[in-house]
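The structure appears right after this line, and notes come after that.
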Ligand code: BDR
Ligand code: CA
């Protein structure tokens, strides 16, 4: 089993990514760390706890940063609602929160793991960037960081920047220049990971408690994306998890990627050196395409594992 830390800001697609990861027997999830992003930290922490409790899962869960390293937090209520997880009504959770900061939990897990840990990061990279800055020695026991963030072409929050990278570009810069292999599930691939109405109905038809919650999450997420002209709901964060479980259903290319932190129009963009103009060694596997049907099948299969 792959030792995993999931750093996230649930968020509809984060919640589904968490459920997929927890359903897989390929992962040993050592910790779930929370960042502010889609909503404030208080809300994203609560959402993660509610989703895991509802699914009957427990985990070591720790709260991280409530704001980016150098900037004010920008949240996304237009996408995820006022709670950050509007749609299904979930009971409050009694899942305990670790009495330590997320980066302390990350350190403890990395120090104790006999095998190098894989980080999955599906929110702004504040916790991961801070962790690598304060505990650089831990890099030696991190195998890779699979992130949802960035894009080679065009942004979804500004013309050139994707939300997670835009919210904390300084943290993203630290992560991409860390020397740890990065897998970038950015908009190039996630805008192809579309969930259509018929896929939602397939999940709803499973007819169990968790599948119903997932269908309701997707109903809300779909409504926003349809209003923006998408044909389905791009299940961004699930791509970072799906790649680790089934890399064969993705197409990616290794490139050198750096983060724009001071652009006039382009702050938060992931600058991809497609033609190796910098002569720098590739630091990132940029995911570009996927077998959509196989992705949906994986999602359905994992959701089906729950009661
Ligand atoms: C990313 O931003 C958030 O709204 C989603 O959860 C995803 O991580 C997509 O740009
Ligand atoms: Ca997210």
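Residue numbers (the working numbering): 152 to 458.
Glycine included, C-beta positions come from ideal geometry on N, C-alpha and C.
Just so it is clear, the structure is predicted and the values come from calculations on it, not from any experiment.
Residue burial is scored here from C-beta neighbours: residue 201 has at least 16 other C-beta atoms within 10 angstroms and is therefore classed as buried.
For secondary structure counted as the alpha helix (DSSP H) over 4 or more consecutive residues, the segment 168-249 holds these complete runs in sequence order: 192-205, 228-231. Annotated as distal: residue 354 and residue 240, with beta-carbon spacing of 9 Å or more.
For residue 159, the Cβ falls inside the 8 Å cut-off from some heavy atom of ligand 2. DSSP places residue 331 outside any alpha helix (DSSP H), giving it a letter other than H or E. Here residue 425 carries a coil assignment [DSSP, helix/strand/coil]. For residue 451, no beta strand (DSSP E) run applies; the uninterrupted alpha helix (DSSP H) run containing it begins and ends at 443-454, by DSSP.
Shown here for residue 414: same chain residues with a beta carbon closer than 8 Å to its own, the five before and five after excluded, namely 311, 420 in chain order.
Residue 280: member of the alpha helix (DSSP H) spanning 277-285, first to last residue. Here the C-alpha atom of residue 341 lies approximately 13 Å from the C-alpha atom of residue 314. Residue burial is scored here from C-beta neighbours: residue 446 has at least 16 other C-beta atoms within 10 angstroms and is therefore classed as buried. With at least 16 other beta carbons inside 10 angstroms of its own, residue 171 counts as buried. For the 9 Å CB-CB criterion, residue 161 and residue 322 do not form a contact. Assigned with DSSP and collapsed to three states, residue 254 falls in helix.
By the CB criterion at 9 Å, residue 276 and residue 298 fall inside the cutoff.
One Cα belongs to residue 159, the other to residue 356, and the distance between them is close to 28 Å.
Between residue 181 and residue 155, the C-beta spacing is below 9 Å. Just measuring C-alpha positions, the residue of 416, 347, 153, 399 sitting nearest residue 261 is 153. Along the length of the segment 318-363, whole beta strand (DSSP E) runs at least 3 residues long occupy 333-336, reported in chain order. Between the segment 217-233 and the segment 180-194, the count of Cβ pairs shorter than 8 Å is three or higher; the stretches touch.
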